[in-house]
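The next block holds one structure in the form of structure tokens; read it before the comments.
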Amino acid sequence: MIKLSLIRTDSENQDFRNMVALLDEVLRVSDGEDHSFYSQFNKLDKIKHVVLARCNGVHAGCGAIKEYSKETAEIKRMFVRPEYRGQGIGKIILKELEIWAQELKYSECILETGKKQTDAIKLYESCGYFVIE
Numbered sequence: 010m011i012k013l014s015l016i017r018t019d020s021e022n023q024d025f026r027n028m029v030a031l032l033d034e035v036l037r038v039s040d041g042e043d044h045s046f047y048s049q050f051n052k053l054d055k056i057k058h059v060v061l062a063r064c065n066g067v068h069a070g071c072g073a074i075k076e077y078s079k080e081t082a083e084i085k086r087m088f089v090r091p092e093y094r095g096q097g098i099g100k101i102i103l104k105e106l107e108i109w110a111q112e113l114k115y116s117e118c119i120l121e122t123g124k125k126q127t128d129a130i131k132l133y134e135s136c137g138y139f140v141i142e
């Protein structure tokens with residue numbers, strides 16, 4: 010049985026930065042040539058709201074929100090370590106980010122992910138997100 014705890018923090022948190030470094034390594038491989046294009050949208054300097062998931066004392070995943078507009082929060086830097094996938098941790102992180110966005114008075118959340126991130130796309134669609142232009 011896993012014991013999961015969520016921590017709200019910001020992008021200065023070193024544990025979050027370590028998770029993002031792991032995420033970037035995974036994306037560098039899966040995105041291939043497209044990685045440099047996507048990386049320009051993934052800077053941490055404007056991210057103020059971060060959720061870290063700890064599973065049995067180990068950082069298992071993360072996600073963040075940043076302001077897209079006065080009404081809209083953008084979900085950013087979603088990641089679950091491969092060895093913790095398939096346990097619903099991504100959905101739990103996403104739900105916590107949505108709750109936090111509501112608390113911050115955003116009326117909607119949006120996100121963007123690479124076309125090759127099929128597992129991420131399935132997660133987001135299962136949580137009610139859909140493709141827009």
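Every position in the sequence shown, counted from 1, becomes a number in our numbering once 9 is added. Think of the CB as a built atom: it goes at the ideal place given N, C-alpha and C, for glycine as much as any other residue.
If you keep only unbroken beta strand (DSSP E) runs of at least 3 residues inside the stretch 51 to 116, you get 58 to 64, 67 to 76, 81 to 89. Ile102 sits close to Ala62, with the two beta carbons spaced by under 8 Å. Judged by DSSP secondary structure, Ser135 falls within the alpha helix (DSSP H) whose first and last residues are 127 to 135. Taking C-beta atoms as the reference points, Leu13 and Glu105 fail to come closer than 8 Å. Between Gly70 and Phe88, the CB-CB gap stays under 8 Å.
When rounded, the separation of the alpha-carbon atoms in Tyr77 and Ala110 is 11 Å.
Buried is the label assigned to Lys85, since at least 16 other Cβ atoms lie within 10 Å of its Cβ.
Per the coordinates, the alpha-carbon of Ala82 lies some 15 Å from the alpha-carbon of Thr122. Apart from the 5 residues on each side of it in sequence, Glu107 sits with its Cβ closer than 7 Å to the Cβ of Cys118 in its chain, given in chain order. Each residue's CA atom was taken as its position, placing Ile74 and His58 some 6 Å apart. Only exposed fits Phe139, as fewer than 16 other CB atoms lie within 10 angstroms of its CB.
Rounded to whole angstroms, the gap between the alpha carbons of Val35 and Val29 is 10 Å.
With contacts defined as CB atoms closer than 8 Å, Arg90 and Leu31 qualify as a contacting pair.
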